[in-house]
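According to my numbering, the sequence shown holds residues 433 to 630 in order. Ideal placement from N, C-alpha and C gives every residue a C-beta, glycine not left out. Computed from a predicted structure; not experimentally measured. Notes follow the structure.
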Amino acid sequence: MSLPRFYPIFDSADWLERALPLGVKLVQLRLKDRAEAELRAEIRRGLALARRHGAALVVNDHWRLAIEEGADWLHLGQEDLDTADLPAIRRAGLRLGLSTHDEAELERALAVAPDYVALGPVWPTILKKMRWHEQGLDRVTDWKRRIGPLPLVAIGGVTVERAPAALAAGADVVAAVTDITLNPDPEARMADWLRVTG
Numbered sequence: 433m434s435l436p437r438f439y440p441i442f443d444s445a446d447w448l449e450r451a452l453p454l455g456v457k458l459v460q461l462r463l464k465d466r467a468e469a470e471l472r473a474e475i476r477r478g479l480a481l482a483r484r485h486g487a488a489l490v491v492n493d494h495w496r497l498a499i500e501e502g503a504d505w506l507h508l509g510q511e512d513l514d515t516a517d518l519p520a521i522r523r524a525g526l527r528l529g530l531s532t533h534d535e536a537e538l539e540r541a542l543a544v545a546p547d548y549v550a551l552g553p554v555w556p557t558i559l560k561k562m563r564w565h566e567q568g569l570d571r572v573t574d575w576k577r578r579i580g581p582l583p584l585v586a587i588g589g590v591t592v593e594r595a596p597a598a599l600a601a602g603a604d605v606v607a608a609v610t611d612i613t614l615n616p617d618p619e620a621r622m623a624d625w626l627r628v629t630g
């Protein structure tokens with residue numbers, strides 16, 4: 433399976449309204465610390481926007497709501513794997529992406545046959561405190577060799593300027609968060625992303 437090479441991650445459906453009309457075709461909604469009704473409303477709105485623009489929306493973490501709202505994609509971190517009902521996720525037909533940071537996590541991820549594997553942080557990231565140091569491009573190459581045709585997503589500290597190196601190292605997809613959301617002109621930055629990953 434091939435995926436679009438540009439994969440922005442946002443914390444609000446408002447961002448989807450800005451990204452999807454530009455031609456973004458793969459996007460994640462990562463919602464934290466919200467009441468369930470608000471989570472459901474955001475996911476529902478995000479799915480409607482994605483479908484209107486012919487894009488794939490990946491719901492982060494909230495697997496029950498993803499199933500109930502008819503999402504197509506789900507992303508889980510390693511902690512989420514402890515509590516997620518994988519058979520229910522599979523029965524619902526959800527495609528699954530998983531985060532990995534080390535050898536043990538990669539083995540665990542591959543054991544559940546995901547639809548993509550994410551590796552991070554490739555470069556230092558300001559998004560969240562992580563106990564992992566930067567993975568580096570050699571790790572990207574190693575992960576790609578090990579997972580074969582399964583799509584590999586590089587995440588963490590990826591910028592427009594760094595994206596070509598991540599792709600050249602073996603990543604199939606590059607994910608971005610703060611490089612867009614903290615940019616003074618997010619639309620122009622996304623246009624740059626689409627150009628370098630197109």
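In this structure, residue 590 sits near residue 608, with a CB-CB distance shorter than 8 Å.
Residue 531 has 550 as its beta-bridge partners, per DSSP. Residues 513, 518, 528, 530 of the same chain have their beta carbon placed closer than 8 Å to that of residue 544, with the five preceding and five following residues left out of the count. In this structure residue 535 is exposed. Its beta-carbon is surrounded by fewer than 16 other beta-carbon atoms within 10 angstroms. One Cα belongs to residue 547, the other to residue 625, and the distance between them is close to 23 Å.
At the C-beta level, residue 553 and residue 567 come within 8 Å of one another. Between residue 503 and residue 481, the gap from beta carbon to beta carbon reaches 8 Å or more. Distance from the CA of residue 613 to the CA of residue 581, rounded to the nearest whole angstrom, comes to 31 Å.
Using a C-beta cut-off of 8 Å, the stretch 470 to 478 makes contact with the stretch 491 to 499, since at least three inter-stretch Cβ pairs fall below that distance.
Scanning 550, 604, 598 for the CA closest to the CA of residue 433 turns up 604. The alpha helix (DSSP H) runs of length 4 or more contained entirely in the stretch 505 to 529 are, from start to end of the chain, 510 to 513, 518 to 523. If you draw a straight line from the Cα of residue 453 to the Cα of residue 497, it is about 25 Å long.
In this structure residue 532 is in contact with residue 550, their Cβ atoms being roughly 7 Å apart against a cut-off of 8 Å.
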